[in-house]
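Structure first, commentary second.
2 protein chains.
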Amino acid sequence: MPVRELPLAPASTTSCCGIGVDGGLTREDAERSAALLKAVADPVRLRLLSAIRATDAGEACVCDLTDLVGLAQPTVSHHLKVLTEAGLLERERRGTWAWFRLVPSRLADVRGIFD
Amino acid sequence: MPVRELPLAPASTTSCCGIGVDGGLTREDAERSAALLKAVADPVRLRLLSAIRATDAGEACVCDLTDLVGLAQPTVSHHLKVLTEAGLLERERRGTWAWFRLVPSRLADVRGIFD
DNA sequence: CCTCTATATTGACACACATCGATGTCATGG
DNA sequence: CCATGACATCGATGTGTGTCAATATAGAGG
Chain A
1 MPVRELPLAP ASTTSCCGIG VDGGLTREDA ERSAALLKAV ADPVRLRLLS
51 AIRATDAGEA CVCDLTDLVG LAQPTVSHHL KVLTEAGLLE RERRGTWAWF
101 RLVPSRLADV RGIFD
Chain B
1 MPVRELPLAP ASTTSCCGIG VDGGLTREDA ERSAALLKAV ADPVRLRLLS
51 AIRATDAGEA CVCDLTDLVG LAQPTVSHHL KVLTEAGLLE RERRGTWAWF
101 RLVPSRLADV RGIFD
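For the record, the sequence lines run as chains A and B.
Here the first sequence is numbered in this note's numbering, starting from 1 and rising by one per residue.
Here the second sequence is numbered in this note's numbering, starting from 1 and rising by one per residue.
Here it is in structure tokens:
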């Protein structure tokens, strides 16, 4: 799911002030980008991403993350689901544990929104 | 208001899985970053930023932007206030009109969260 | 001073969302 | 096959937020 950047499209036609603000994101692009940003615009989810990134192996399981953020396990599971559905995390079950890894290309998408 | 990036802090101590997820953002840093991201995680506000950026003069007034997004004037005014209070826009009154400009350094702060 | 136009503020409403307890699922070990 | 531990899902609840109509403010011009 590609995410287009804030475009530097040329301004064009008319308006009450004669400036022209037709350039810019389409509604669809804006909604796509906003959906991705919403996944990341939460302090708990930022800490989860940061904690996974700070890990030696580049991955962490839910029990570790639950301890870290100090919230109930269902809450952490919910946040991890949001991040995973946004494409920012990959999930892998190994035995009883679920391991989460960053998806660097998706993080690059977030950065690309503001390039 | 500085915004710290997702740190690559070294993992340290123990956990149930023996991985160690102590590294990462503090609660305070995460809340600061999330507050900034929330201001931007909205399709209408993304379009407003994009439209202002696409302008020849680098600024636009409310009437232009209201036409663009197709929402009621108070709604647009509200979104512009959110962006301004987040430090992403600067407001200047010239006569009857209110002009809004981007604050590039603040946009860089957003980008910096994911560096 | 009065009016007109552009913008901001307020109040209300609907909807989304973060959180948690309770419960369900699934794999492991006995 | 049953018990245990890790994780996911569900249902409920309180809080946050986007939207608009109504109203207020503020500057320009007569």
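Even for Gly, the Cβ is constructed at its ideal location relative to N, Cα and C.
Collapsing the DSSP output to three states places B/L88 in coil. If the five residues before and after A/E92 are omitted, its C-beta is found closer than 6 angstroms to the C-beta atoms of W99, all from its own chain and listed in chain order.
Inter-residue distance for A/L80 and B/R111 is about 22 angstroms (C-alpha atoms, whole angstroms). Around the CB of A/R94, fewer than 16 other CB atoms lie within 10 Å, so the residue is classed as exposed. Residue state for B/A41 is assigned as coil, using DSSP reduced to three classes. By the rule that beta-carbons nearer than 8 angstroms mark a contact, B/R101 does not touch chain A. With respect to the 8 angstroms criterion, A/L48 and A/L71 are not classified as neighbours on the basis of their beta carbons. When the alpha-carbon of A/D29 is set against those of B/V44, B/R27, B/L37, B/L25, the nearest one is in B/V44. Cβ-Cβ separation between A/G24 and B/S50: approximately 4 angstroms, consistent with a contact (criterion under 8 angstroms). When DSSP assignments are scanned along the region 54-90 of chain A, the uninterrupted stretches of beta strand (DSSP E) that are 3 or more residues long and fall wholly within it turn out to be 59-61. Around the beta carbon of A/R32, a 10 Å sphere encloses 16 or more other beta carbons of the protein chains shown; the residue is thus reported as buried. With contacts defined by Cβ atoms closer than 8 angstroms, A/E90 and A/V103 form a contacting pair. Distance from the CA atom of A/D109 to the CA atom of B/W97, rounded to whole angstroms, is 36 angstroms. In terms of Cα proximity to A/R53, the closest of A/D67, A/L107, A/F114 is A/L107. Neighbours of A/R27 in chain B, taken as residues whose beta carbon is under 8 angstroms from its own, are P43, R47 in chain order.
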